Structure formats: C-alpha cells, structure tokens
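Order-wise, the sequence lines are chains F and D.
For what it's worth, UniProt numbering labels the leading residue of the first sequence as 1, then goes sequentially.
For what it's worth, UniProt numbering labels the leading residue of the second sequence as 1, then goes sequentially.
Working notes for the structure below.
There are 2 protein chains.
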Amino acid sequence: MKVSREQMAENRRRILDVASRLFRDKGFDAVSVAEVMKAAGLTHGGFYGHFSSKDDLIAQTLAHVLAADSSGGGDLRAYADAYLSPRHRDNAAGGCPTAGLVADIRHQTPAARSAMTEGLRSQIDRIGKALPELDPADRRRAAIGCWAAMVGAVILARAIDDPALSDEVLEQTRAWIDTGISQVSAR
Amino acid sequence: MKVSREQMAENRRRILDVASRLFRDKGFDAVSVAEVMKAAGLTHGGFYGHFSSKDDLIAQTLAHVLAADSSGGGDLRAYADAYLSPRHRDNAAGGCPTAGLVADIRHQTPAARSAMTEGLRSQIDRIGKALPELDPADRRRAAIGCWAAMVGAVILARAIDDPALSDEVLEQTRAWIDTGISQVSAR
DNA sequence: CGTTAAATATGATACCCATCATGTAAATGT
DNA sequence: ACATTTACATGATGGGTATCATATTTAACG
Numbered sequence: 001m002k003v004s005r006e007q008m009a010e011n012r013r014r015i016l017d018v019a020s021r022l023f024r025d026k027g028f029d030a031v032s033v034a035e036v037m038k039a040a041g042l043t044h045g046g047f048y049g050h051f052s053s054k055d056d057l058i059a060q061t062l063a064h065v066l067a068a069d070s071s072g073g074g075d076l077r078a079y080a081d082a083y084l085s086p087r088h089r090d091n092a093a094g095g096c097p098t099a100g101l102v103a104d105i106r107h108q109t110p111a112a113r114s115a116m117t118e119g120l121r122s123q124i125d126r127i128g129k130a131l132p133e134l135d136p137a138d139r140r141r142a143a144i145g146c147w148a149a150m151v152g153a154v155i156l157a158r159a160i161d162d163p164a165l166s167d168e169v170l171e172q173t174r175a176w177i178d179t180g181i182s183q184v185s186a187r
Numbered sequence: 001m002k003v004s005r006e007q008m009a010e011n012r013r014r015i016l017d018v019a020s021r022l023f024r025d026k027g028f029d030a031v032s033v034a035e036v037m038k039a040a041g042l043t044h045g046g047f048y049g050h051f052s053s054k055d056d057l058i059a060q061t062l063a064h065v066l067a068a069d070s071s072g073g074g075d076l077r078a079y080a081d082a083y084l085s086p087r088h089r090d091n092a093a094g095g096c097p098t099a100g101l102v103a104d105i106r107h108q109t110p111a112a113r114s115a116m117t118e119g120l121r122s123q124i125d126r127i128g129k130a131l132p133e134l135d136p137a138d139r140r141r142a143a144i145g146c147w148a149a150m151v152g153a154v155i156l157a158r159a160i161d162d163p164a165l166s167d168e169v170l171e172q173t174r175a176w177i178d179t180g181i182s183q184v185s186a187r
C-alpha cells in the first residue's frame with residue numbers, strides 16, 4: 001500500500017538507522033536485506049524502491065551515519081576516556097561507526113570507500129581542533145596518531161576473548177595517548 | 001586417489017597457507033571452501049577430510065599463521081617503519097594477519113577468538129621486549145599503545161581511497177609513535 | 001470524487017555455497 | 001602380492017539470499 005511522502009521519508013530514515021545499527025553489530029555480510037527491512041518494520045519487497053542494491057544501501061548508510069557522527073569535537077581527554085571504555089567496546093551496535101566498520105570498507109564498493117574517507121577526514125580535523133595548544137604540525141600528527149590508536153585499541157579489545165587483557169588494552173592505550181599529548185604540549 | 005602420508009601433510013600445510021593468504025586478502029566470508037581448495041591445487045571434495053567445517057579451517061588457519069608470525073622482536077623503529085609503509089598497506093594478502101583479520105574476529109567462533117587472543121598476547125610481549133630501555137610499566141604501556149596505533153593506522157590507511165591521505169595516516173602515525181617512544185625513554 | 005501513480009506486500013527466481021554421498025585409485029601393512 | 005584402508009575426486013542436496021515480478025492499497029492531484 002502506498003504511504004504519504006513524509007511516511008516514506010521516515011521509512012527511509014528508519015531503514016538507514018536500523019541498517020547502521022545492524023551493520024555495526026554484525027558486519028555488512030552477515031546482515032541480509034530482508035533482515036534490515038524487517039527491523040525497520042517493513043517487508044523485503046519495498047527495498048528496491050528506496051535503494052538500487054545492497055551495495056547502495058551500504059554506501060548510503062555509511063554517508064548517513066558518518067554525517068550524523070560529530071563526536072570528538074570538545075575535550076579530547078574526555079572523548080578518549082569514553083571511546084576507550086569497556087562500555088563502548090561492548091556496544092558496537094550503538095558505538096563509533098569507524099571502529100565497527102572501517103576494516104570491512106576495503107572489500108566494499110568505491111562509493112562506500114569514498115563515504116568512509118570523508119568521514120575519516122572530518123574526524124581527524126575534529127580531533128585536531130580539540131588540540132589548540134599545539135602548533136599545526138604537532139596537532140596534525142597528534143590527531144592522526146591518537147585516532148589510529150583509539151580505533152586500533154577498540155578493534156583489538158573487541159577481538160580479545162580474555163576480559164582482563166581486553167580491559168588492559170583499552171586502559172593502557174588511554175594512558176599512552178594521555179602521556180603522548182601531555183608531553184608534546186609541555187615541550 | 002589416496003596419497004602418501006607426507007603428501008597429505010603437505011597438502012594440509014598448503015591449504016592453510018593458501019587460506020591464510022586468501023582470508024587476509026578478501027576476508028573470511030568472501031572466500032569459499034571450494035576457492036581455497038582450488039588455490040591449493042585440490043578439489044572441494046577432500047576438504048572435510050582435513051577440517052570439520054569452514055569455521056574449523058578459520059580457527060586452524062589463524063593458529064597456523066599467528067604461530068608462524070614472529071615479527072616485531074628486533075628493532076621496534078625498523079619494525080614500525082616497515083609496518084607503516086605503503087608497501088605493507090598494499091599487501092594485505094602477504095601482510096600482518098592481525099591487521100588483516102582482527103576486526104572480523106569478533107564475528108567468528110570461540111576457537112578463532114582464542115587463537116587471535118594468544119597471537120595478540122605474544123605480539124604485545126614481543127614488542128615489549130623490543131623496548132628494554134623502559135621500566136616495566138612504561139614498557140607495557142608503550143607496547144600496547146604502539147601496537148594499537150600500528151594496527152589502527154594500517155586498517156585506516158587501507159580503507160581510505162585518497163592516496164595522499166592514506167600515506168599521511170601511515171607517515172604521521174609513524175612519527176607519533178617515534179616521538180612517543182623517544183620522549184618516554186628520555187624522561 | 002475519480003483517476004492515476006506510487007509505495008509496499010507477497011510471492012517467485014536464480015545463484016552461490018557449505019556440507020554430504022559415493023566412487024576410485026593408490027598407499028600401507030602383512 | 002593381497003587385502004584393506006584412506007585421501008581425494010565427482011557429483012548431489014539443501015538452505016540462504018539478492019533481486020525481480022506482480023498484486024494491492026492508498027496518497028496525490030485534478
């Protein structure tokens with residue numbers, strides 16, 4: 001049955017939201033089109049009215065979720081604390097899309113890679129802006145280094161099945177970043 | 001046709017080697033059992049004589065490739081240079097199994113997670129041993145922080161479709177690690 | 001209000017893949 | 001040498017999934 005314009009727009013938004021959670025939780029491959037539609041409260045049939053293919057859904061979901069993510073702009077230490085928390089590690093579905101999805105991007109279409117690239121570009125810029133006390137070269141280096149360590153640590157922590165080691169990876173990475181920033185600032 | 005004991009052992013080794021390359025290159029899901037067997041010069045039929053399932057192959061491949069990997073033991077700076085090189089970024093199939101496969105581990109069986117955890121444990125220890133000038137607490141922190149940043153940077157660099165930004169992520173992470181280690185050492 | 005167009009539902013279709021069943025030939029042990 | 005075992009090949013089978021075809025309902029527009 002046909003629905004109103006706004007209803008359709010809302011359906012589309014819900015599909016993207018739901019897809020973003022499912023993809024972060026289970027990975028692109030493990031989520032079927034029908035599963036996404038069902039989670040959005042629809043059936044699989046309407047899917048191709050919204051998207052031209054599953055690859056298209058993936059690319060649009062990435063653009064959607066990365067555009068919505070504006071985290072990391074304020075206090076870098078507080079951001080790193082939350083990012084490197086067990087809570088974030090255990091909440092992939094609702095957590096950072098980069099941590100959940102970057103590694104898979106290399107097997108996706110050019111459109112998906114492009115969306116991720118733009119997301120990373122602005123995230124690095126945002127982190128840089130959170131380090132105003134550094135001169136530009138140090139700032140850029142610290143932003144990229146911190147971000148690589150944060151993303152890497154969450155990915156590692158999620159892979160490790162020993163809770164103690166997993167917690168330690170998060171905690172030590174947080175400490176490592178902390179000393180790294182402090183020392184460059186104090187130089 | 002039956003083959004000799006040694007021939008069978010060699011076949012098994014070849015399957016694991018080939019699977020490890022294919023998995024690193026394309027991801028676990030994108031590689032079929034038949035594809036692995038074909039790449040090993042066999043047909044799909046013999047597969048279940050060697051492994052009880054594809055999940056079993058994945059777990060055994062991880063144990064195989066992580067046990068074989070003893071990199072990072074010597075000079076940490078040289079190791080980071082090679083690790084964070086465009087060459088390594090562009091050679092996922094032959095590169096570090098952690099960088100290529102960790103992120104997928106969280107969707108795999110307990111056996112696979114366990115194999116990866118042990119691999120990470122010894123890798124962190126190896127990197128720690130490459131930092132003898134630090135006291136134990138600093139050493140542990142630096143080993144984990146460096147490793148998270150290295151793995152994270154390669155994963156990010158492989159996702160980014162802009163060569164300039166991708167190179168920059170590698171290069172700046174290298175510099176960030178470098179200053180991090182130097183400053184802790186000089187303290 | 002009636003006509004039309006569009007959004008979604010229901011129901012194929014076709015393909016890929018993990019796994020299994022059976023055949024075959026060669027290695028192993030006596 | 002012979003019997004037996006066994007590693008691998010060939011050829012199903014079954015389930016899952018992306019995508020398409022058609023039907024249905026109702027919003028949109030005159």
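Here a beta-carbon is modelled for each residue, glycine too, at the ideal position from N, C-alpha and C.
Just so we're clear, the structure is a prediction, and the values are computed from it rather than from any experiment.
message = Using the three-state DSSP reduction, which class does L84 of chain D fall into: helix, strand or coil?
response = Taking the second sequence and counting its residues from 1, one reaches residue 84 of chain D at position 84. Looking at L84 of chain D - three-state DSSP - the assignment turns out to be coil, as it is neither helix nor strand.
Output needed for D125 of chain F: all residues of its chain with C-beta closer than 8 Å, excluding positions within five of it in sequence on either side, in chain order. Mapped onto the first sequence, residue 125 of chain F falls at position 125. Hits under 8 Å: A143.
_If I measure Cβ to Cβ from A59 of chain F and keep anything under 7 Å in the same chain, skipping five residues before and after, which residues do I get?_
Counting from 1 along the first sequence, the entry for residue 59 of chain F is found at position 59. For A59 of chain F, where only same-chain residues beyond five positions count, the Cβ hits under 7 Å are T109, A111, A112, A115.
Sorted by chain position, which residues of the same chain lie with C-beta nearer than 8 Å to L170 of chain F's C-beta, five sequence neighbours on each side aside? Within the first sequence, residue 170 of chain F is the residue found at index 170, counting from 1. Taken in chain order, the residues that qualify are L84, S85, P86, R89, A153, V154, A157.
The segment 147 to 168 of chain D: which residues have C-beta closer than 8 Å to a C-beta of chain F, in chain order?
-> W147, A148, A149, M150, V151, G152, A153, I155, L156, R158, A159, I160, D161, D162, L165, E168
Neighbourhood of P132 of chain F by C-beta distance below 7 Å, restricted to the same chain and skipping five residues each side
Taking the first sequence and counting its residues from 1, one reaches residue 132 of chain F at position 132. Hits under 7 Å: none found.
ask   = Would you say R127 of chain D reaches chain F, if we count a Cβ-Cβ gap shorter than 8 Å as a contact?
value = The residue you call residue 127 of chain D lines up with position 127 of the second sequence. The question names Arg, but residue 127 of chain D in the sequence shown is Ile. No, I127 of chain D lies away from the interface with chain F (no Cβ there is under 8 Å from its Cβ).
* **Member of F:R77, F:L62, F:A137, F:I15 whose CA lies at the smallest distance from the CA of G100 of chain F** => Reading the first sequence from its first residue, position 100 is the one you call residue 100 of chain F. Selected option, being the one with the closest Cα: F:L62.
Where the alpha helix (DSSP H) containing A111 of chain D begins and where it ends
Here residue 111 of chain D corresponds to residue number 111 of the second sequence, with the count starting at 1. Per DSSP, A111 of chain D belongs to the alpha helix (DSSP H) from 110 to 129.
Note to self: In whole angstroms, give me the CA-to-CA distance for L66 of chain D and T43 of chain F.
What the structure shows: Against the second sequence, residue 66 of chain D aligns to sequence position 66. Against the first sequence, residue 43 of chain F aligns to sequence position 43. Whole-angstrom Cα-Cα distance: 43 Å.
(message) Can you find the residues in the same chain that come closer than 6 Å, C-beta to C-beta, to A40 of chain D, ignoring five residues on each side of it along the sequence?
(response) Taking the first residue of the second sequence as 1, we reach residue 40 of chain D at position 40. Excluding sequence neighbours, A40 of chain D sits near R14, I15, V18.
query = How many Å lie between D138 of chain F and H64 of chain D at the Cα?
reply = Position 138 of the first sequence, counted from the start, is the residue given in the question as residue 138 of chain F. Position 64 of the second sequence, counted from the start, is the residue given in the question as residue 64 of chain D. Those two C-alpha atoms are separated by around 41 Å.
task = Give the C-beta separation of A80 of chain F and M150 of chain F to the nearest angstrom, bearing in mind that I take them to be a contact with Cβ-Cβ under 8 Å.
result = As a working note, residue 80 of chain F is residue 80 in the first sequence. As a working note, residue 150 of chain F is residue 150 in the first sequence. Yes, they are in contact, since the Cβ atoms of A80 of chain F and M150 of chain F sit about 6 Å apart, within 8 Å.
Check: L16 of chain D lies in the alpha helix (DSSP H); which residues open and close that run?
Finding: The residue labelled residue 16 of chain D in the question sits at position 16 within the second sequence. Taken as a continuous stretch (DSSP letters only), the alpha helix (DSSP H) holding L16 of chain D covers 5 to 26.
### Query
How many angstroms separate the CA atom of R121 of chain F from the CA atom of M1 of chain D?
For the purposes of this step, residue 121 of chain F is taken as the residue at position 121 of the first sequence. For the purposes of this step, residue 1 of chain D is taken as the residue at position 1 of the second sequence. Answer to the nearest angstrom: the Cα atoms are 56 Å apart.
Quiz prompt | Residue burial classification, P97 of chain D (beta-carbon count within 10 angstroms, cutoff 16) | solution = Within the second sequence, numbered from 1, the residue matching residue 97 of chain D stands at position 97. Buried.
Report task. Indicate whether at least one CB of chain D lies closer than 8 Å to the CB of D55 of chain F. Result -> Along the first sequence, read from residue 1 onward, the residue named residue 55 of chain F stands at position 55. So, not an interface residue.
For D69 of chain F, does the three-state DSSP call read helix, strand or coil? Along the first sequence, one-based indexing puts residue 69 of chain F at 69. Residue state, collapsed to three classes: coil.
key: Limits of the unbroken alpha helix (DSSP H) element including D167 of chain F   = Your numbering for residue 167 of chain F matches position 167 in the first sequence. Its alpha helix (DSSP H) spans residues 163 to 185.
- Message: Check for me: the alpha helix (DSSP H) holding G145 of chain F runs from which residue to which?
- Response: Residue 145 of chain F sits at position 145 when you count from the first residue of the first sequence. Looking at the DSSP string, the run of the alpha helix (DSSP H) that includes G145 of chain F is 136 to 159.
Hey, does I177 of chain D have any beta-carbon neighbour from chain F nearer than 8 Å? On the second sequence, position 177 is the one that residue 177 of chain D refers to. Taking Cβ atoms only, chain F reaches closer than 8 Å to I177 of chain D, which makes this a yes.
- At which residues does the alpha helix (DSSP H) containing residue 205 of chain F begin and terminate? A question about residue 205 of chain F goes unanswered here, because the residues of chain F that appear run from 1 up to 187.
*In three-state DSSP terms, what is L42 of chain D?*
In the second sequence, the residue the question calls residue 42 of chain D occupies position 42. Note: L42 of chain D maps to coil in three-state DSSP.
Discussion item. Assuming contact is defined by CB atoms lying nearer than 8 Å, are A130 of chain F and L76 of chain F in contact in what I supplied?
Written reply: For the purposes of this step, residue 130 of chain F is taken as the residue at position 130 of the first sequence. For the purposes of this step, residue 76 of chain F is taken as the residue at position 76 of the first sequence. Yes.
Considering only C-alpha positions, which residue in the set D:R106, D:A68, D:A78, D:G74 is nearest to D161 of chain F? For the purposes of this step, residue 161 of chain F is taken as the residue at position 161 of the first sequence. When each option's Cα is compared against that of D161 of chain F, the closest is D:R106.
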